[in-house]
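See below for the structure under consideration.
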Amino acid sequence: MKLGFLVDLNLCMGCKGCEVACKVENEVPLSTWRLRVKYIDIGTFPDTSRSFTPLRCNHCESAPCERICPVSALHYLENGIVNVDSSRCIGCAGCMMACPYGAIYMDPETNTADKCTYCAHRVESGMMPACVVVCPVQANIFGDIEDDNSHISQYIMEHQGAVQVRKPEKNTHPKHFYVGGGTQTLDPLAQQRLEGFGLFNNVTHLKHIGDPHEGVLDRFLAPFKSEEKYDNRSFVDFDNKDYKSELTEGDN
Amino acid sequence: MQNTIHATQAIVTLDVALPGIIWGWMITLNMWAKSIGTGVILVGAFLLYRHKKEEMPNLRWIMPLIAFVFLNIFLLFTLTDLHHPYRMVNIFLHPHWTSAITVGAWMASLFTGLITVMMLIGGFDAFPDIRRHCSIAKKVRANSTLYEKIFPFVVFLAIPVTLYTAIIMAEASARELWQTPAEVMQMMWAAFMAGSSALILVSGNWSKEVRKDLALVLAIATFFSFMMYMGEYFFSFKSAEAEATLAFVHSGGAYNTEFWFGMILGFVIPFFIAIGNMKSDNKTLLRFAAILALVGLYMAKDVWLKIPQLLNLS
Chain G
555 MKLGFLVDLN LCMGCKGCEV ACKVENEVPL STWRLRVKYI DIGTFPDTSR
605 SFTPLRCNHC ESAPCERICP VSALHYLENG IVNVDSSRCI GCAGCMMACP
655 YGAIYMDPET NTADKCTYCA HRVESGMMPA CVVVCPVQAN IFGDIEDDNS
705 HISQYIMEHQ GAVQVRKPEK NTHPKHFYVG GGTQTLDPLA QQRLEGFGLF
755 NNVTHLKHIG DPHEGVLDRF LAPFKSEEKY DNRSFVDFDN KDYKSELTEG
805 DN
Chain W
87 MQNTIHATQA IVTLDVALPG IIWGWMITLN MWAKSIGTGV ILVGAFLLYR
137 HKKEEMPNLR WIMPLIAFVF LNIFLLFTLT DLHHPYRMVN IFLHPHWTSA
187 ITVGAWMASL FTGLITVMML IGGFDAFPDI RRHCSIAKKV RANSTLYEKI
237 FPFVVFLAIP VTLYTAIIMA EASARELWQT PAEVMQMMWA AFMAGSSALI
287 LVSGNWSKEV RKDLALVLAI ATFFSFMMYM GEYFFSFKSA EAEATLAFVH
337 SGGAYNTEFW FGMILGFVIP FFIAIGNMKS DNKTLLRFAA ILALVGLYMA
387 KDVWLKIPQL LNLS
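Here the protein sequences come in this chain order: G and W. Note that the numbering used here has the first sequence beginning at 555, numbered continuously upward. Note that the numbering used here has the second sequence beginning at 87, numbered continuously upward.
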């Protein structure tokens, strides 16, 4: 099984429902995104059009983030998902420097790298990712690309010649596909960012948001003065056994 | 607006904020300090090959001391830059060997350990009155020959420790400005520049011929490093993202200024001073060149580290 994602940009209407669903499902903190929908205006007035491009982790078959991670916090699951284990992450940001798609962010609350996991926790339970469920026009198609009868495989076969990935020249073999895209929507170098004409050009972190131990000295002092139970303390607990055992107890 | 934007161009009208610079000044300082830490060993080995020990009476202890200090600065800022510094231990307990960060951390730690041994032996041998009755000092002095035994291995290890950061930059495949062959050579030149500069600053009582060799190393390193920077800065036509990054810097701004200050201060001026010093020995001027080279190297590294991070990736 190799899970993949396909977005039909001809269907996407930019409602940002997927973005909101992802935020809620994964409790993505303010100022960070696992999935975002970018608006791009093309053409000259009055002949202009607006296109919407949902952007998330590509779950590459040859993932640069997995390769550079020094502690395997980023790792492959058997179903092809590139998963992230925040309890292992040392916060070196190597993955952020390696990902050609800018899909990884530093979670301001945990001070660890995070990204889209195709909702691995939902998939494990037999559910679809949150963004797929919420899409009102079924522009997000998710499934096993090794299964010829899956919806995504059939969709790819129906649209042969029109299926694209982002930055194929990087040789990362993304497992996230687009139909109806073009250079102007998928290549950031083909887009202009005019300062002052976009929204959210300069989002800043609010003081009361995020890990209170993000300061350089605080990072060292955090395990000794942390008020949060798991915050910055699990450096000696690589497999996060405490957390897992507590979860099990909670379930019981 | 419709008159100024070409019809075929696309404009981003709604998106999230760009993440900005992720690896900042701490990584610059990390690379700069490592260049000094490994550079003094490489240049020191070259001097020992070319000259008698008597011409550089304090080299045996001051070379590992400088390396020890700057390697510890490098390690400190490596650690400080981590968002979870204590989890650094996971690199040793749960290593992932495809990562150059992991391989580098292991090699740099081993290198620093060996340098510590050399520093202790060199120091206790050079100053026999220090800790005369201490058992550890006695043991160190009794094993004085270990210094010469491990030195060849340390010189050999200094090369991959110098270069592994270039491999990290290669694995940071999102940043196309960092082309591996160029970065590998730039790291090597930086080590020779920084190593010769650091040794120039402590070469007051060394022979004129040794200083001439230090000036030669500085001149060669600054020349070739400068040439590579010029080639990369003006003619990186092979990669779209590198071209876009450089186009942004070419248009002016703080990074343009910092780059050219770095080039002139750290490469051009020291090159000419070092060339001049090979004709007639002038300790003060050569030290001035060494300080400029160290300052300029920091600025050049800083610009080269930060500018590809300004490019939007998606």
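Note that beta-carbon positions come from the ideal geometry of N, C-alpha and C, so glycine has one too.
- Could you tell me whether the Cβ of G/Cys-569 comes closer than 7 angstroms to any Cβ of chain W? Taking the first sequence and counting its residues from 1, the one referred to as residue 569 of chain G is at position 15. When Cβ-Cβ separations below 7 angstroms define contact, G/Cys-569 makes no contact with chain W.
- Beta-carbon spacing of G/Glu-579, G/Arg-590 below 7 angstroms: Here residue 579 of chain G refers to the residue found at position 25 of the first sequence. Here residue 590 of chain G refers to the residue found at position 36 of the first sequence. If you check the CB distance, G/Glu-579 and G/Arg-590 do not come in under 7 angstroms.
- Please compile the residues from chain C whose C-beta is within a distance smaller than 9 angstroms of the C-beta of G/Gly-656. No chain C is present in this structure, whose protein chains are G and W.
- Query: Would a check of beta-carbon distances place W/Val-155 closer than 7 angstroms to chain G?
  - Reply: In the second sequence, residue 155 of chain W corresponds to position 69, counting from 1. Cβ-Cβ to chain G under 7 angstroms: no for W/Val-155.
- Message: Taking CB distances under 7 angstroms as the criterion, tell me whether W/Val-98 reaches chain G.
- Response: Within the second sequence, residue 98 of chain W is the residue found at index 12, counting from 1. Closer than 7 angstroms: yes.
- Message: Buried or exposed for W/Trp-118, going by 16 or more other Cβ atoms inside 10 Å?
- Response: On the second sequence, position 32 is the one that residue 118 of chain W refers to. Buried.
- Message: Here's the rule I'm using: 16 or more other beta-carbon atoms within 10 Å means buried, otherwise exposed. How should W/Asn-229 be labelled?
- Response: Translated into positions along the second sequence, residue 229 of chain W becomes position 143. When all chains shown are included, W/Asn-229 counts as exposed.
- G/Leu-560 at chain W interface by Cβ criterion, 7 angstroms: Taking the first residue of the first sequence as position 1, residue 560 of chain G is located at position 6. By this cut-off, G/Leu-560 is not an interface position.
- Item | G/Leu-565 to G/Pro-608 span [Cα, whole Å] | Locating residue 565 of chain G in the first sequence gives position 11, where the first residue counts as 1. Locating residue 608 of chain G in the first sequence gives position 54, where the first residue counts as 1. Between G/Leu-565 and G/Pro-608, the C-alpha separation is close to 12 angstroms.
- Local conformation of W/His-219 per DSSP, three classes: Here residue 219 of chain W is taken as the residue at index 133 of the second sequence, counted from 1. DSSP places W/His-219 in coil when its eight states are reduced to three.
- So is G/Phe-789 in contact with chain W if we call contact Cβ pairs under 7 angstroms? Sequence index remark: in the first sequence, residue 789 of chain G carries index 235 (1-based). Because the pLDDT of G/Phe-789 is 47, which lies under 50, any placement of that residue in the model is unreliable, and the number read from its coordinates should be weighed accordingly. Interface residue, yes.
- Task: Could you have a look at G/Gly-735 and say whether DSSP puts it in helix, strand or coil?
- Result: Indexing the first sequence from 1 puts residue 735 of chain G at position 181. Reduced to three states, the DSSP call for G/Gly-735 is coil.
- Amino acids of chain G, ordered along the chain, whose beta-carbon sits closer than 8 angstroms to that of W/His-180: Stepping through the second sequence from its first residue, residue 180 of chain W is reached at position 94. Here the neighbours are Val-625, Ser-626, Arg-642 and Phe-792.
- What alpha helix (DSSP H) runs, 4 residues minimum, are completely inside the region 604-657 of chain G? Unbroken alpha helix (DSSP H) stretches of 4 residues or longer found wholly inside the region 604-657 of chain G: 618-622 and 648-652, given in chain order.
- Query: Three-state secondary structure (DSSP) at W/Asp-101?
  - Reply: Translated into positions along the second sequence, residue 101 of chain W becomes position 15. W/Asp-101: coil per DSSP, three-state reduction.
- Message: Using 7 angstroms as the threshold, is the C-beta distance between G/Val-807 and G/Glu-620 below it?
- Response: Because residue 807 of chain G is not part of the residues shown, which for chain G are 555 to 806, the question remains open.
- Query: Would W/Val-126 pass as a contact of W/Ala-376 if the rule is Cβ separation under 7 angstroms?
  - Reply: Counting from 1 along the second sequence, the entry for residue 126 of chain W is found at position 40. Counting from 1 along the second sequence, the entry for residue 376 of chain W is found at position 290. Their beta carbons are not under 7 angstroms apart, which means W/Val-126 does not touch W/Ala-376 by this criterion.
- CB contact flag (G/Ser-640, G/Thr-666, <7 angstroms): By 1-based counting over the first sequence, the position of residue 640 of chain G is 86. By 1-based counting over the first sequence, the position of residue 666 of chain G is 112. At a Cβ-Cβ threshold of 7 angstroms, G/Ser-640 and G/Thr-666 count as neighbours.
- Message: Residues of chain G with CB closer than 7 angstroms to the CB of W/Ile-187, please, in chain order.
- Response: The count along the second sequence starts at 1 and reaches residue 187 of chain W at position 101. Those within 7 angstroms of W/Ile-187 in chain G are Ile-622, Pro-624, Cys-646 and Gly-648.
- Short-range partners of chain G found in the region 132-161 of chain W, where Cβ spacing is below 9 angstroms: Cβ contacts with chain G: none found.
- Task: Indicate the three-state DSSP secondary structure (helix, strand or coil) for W/Gln-95 in the structure shown.
- Result: The residue given as residue 95 of chain W occupies position 9 in the second sequence. Coil, per DSSP.
- What residues of chain G sit near W/Asn-176, judged by a beta carbon separation below 7 angstroms? Taking the second sequence and counting its residues from 1, one reaches residue 176 of chain W at position 90. Those are Val-625, Arg-642, Ile-644 and Phe-792, listed as they occur along chain G.
- Item | Residue range of the alpha helix (DSSP H) that includes W/Asn-176 | Translated into the one-based positions of the second sequence, residue 176 of chain W becomes position 90. First-last of the alpha helix (DSSP H) with W/Asn-176: 175-179.
- Which word fits W/Ile-222, buried or exposed, when buried means at least 16 other C-beta atoms lie within 10 angstroms of its C-beta? Position 136 of the second sequence, counted from the first residue, corresponds to residue 222 of chain W. Answer is exposed; the Cβ neighbour count stays below 16.
- Message: Looking only at its chain, what residues have a beta carbon closer than 6 angstroms to the beta carbon of W/Pro-394, apart from the 5 residues adjacent to it on each side?
- Response: Counted from its first residue, the second sequence places residue 394 of chain W at position 308. Exclusion of the five residues before and after W/Pro-394 leaves Arg-261, Leu-263 and Thr-331 as the residues of its chain whose Cβ lies within less than 6 angstroms of its Cβ.
- Message: Within 8 angstroms, do at least three Cβ pairs link the region 211-221 of chain W to the region 674-688 of chain G?
- Response: Contact fails: fewer than three Cβ-Cβ distances are below 8 angstroms.
- Item | Start and end residues, alpha helix (DSSP H) containing W/Val-270 | For the purposes of this step, residue 270 of chain W is taken as the residue at position 184 of the second sequence. Residues 266-287.
- Task: Check the Cβ-Cβ distances between W/Thr-184 and every residue of chain G, and say whether any is below 7 angstroms.
- Result: Taking the second sequence and counting its residues from 1, one reaches residue 184 of chain W at position 98. Answer yes: the Cβ-Cβ gap between W/Thr-184 and chain G drops below 7 angstroms somewhere.
- As assigned by DSSP and simplified to three states, the class of G/Met-504: Since the first residue of chain G shown is 555 and the last is 806, residue 504 of chain G is not available in this structure.
- Bounding residues of the alpha helix (DSSP H) (the contiguous stretch that carries W/Phe-213): Counting from one through the second sequence, the residue named residue 213 of chain W turns up at place 127. Where W/Phe-213 is concerned, there is no enclosing alpha helix (DSSP H), because DSSP gives it neither an H nor an E.
- CB contact flag (W/Leu-278, W/Ala-301, <7 angstroms): Residue 278 of chain W sits at position 192 when you count from the first residue of the second sequence. Residue 301 of chain W sits at position 215 when you count from the first residue of the second sequence. Per the sequence shown, residue 278 of chain W should be read as Phe rather than Leu. No, they are not a contact pair.
- Item | G/Ser-788 in three-state terms, based on DSSP | Start at 1 with the first residue of the first sequence, and residue 788 of chain G comes out as number 234. Summary for G/Ser-788: the model assigns pLDDT 45, below 50, so the residue's position carries little reliability; its value from the coordinates is reported in the next sentence. In the three-state DSSP reduction, G/Ser-788 falls in the helix class (H, G or I).
- G/Gln-692 burial status per 10 Å Cβ neighbour count (16 or more: buried): Taking the first residue of the first sequence as 1, we reach residue 692 of chain G at position 138. By the 10 Å Cβ count, G/Gln-692 comes out exposed.
- Query: Checking contacts by CB at 7 angstroms: is G/Asp-595 closer than that to chain W?
  - Reply: On the first sequence, residue 595 of chain G is found 41 positions in, with the first residue counted as 1. Residue contact check for G/Asp-595 against chain W: a CB pair falls below 7 angstroms.
- Query: Can you pull the DSSP bridge partners for G/Tyr-593?
  - Reply: Position 39 of the first sequence holds residue 593 of chain G. Answer is G/Phe-606 and W/Leu-100, bridged to G/Tyr-593.
- For G/Asn-694, the first and last residue of its enclosing beta strand (DSSP E): Working through the first sequence from its first residue, we reach residue 694 of chain G at position 140. Per DSSP, the continuous beta strand (DSSP E) segment holding G/Asn-694 begins and ends at 694-698.
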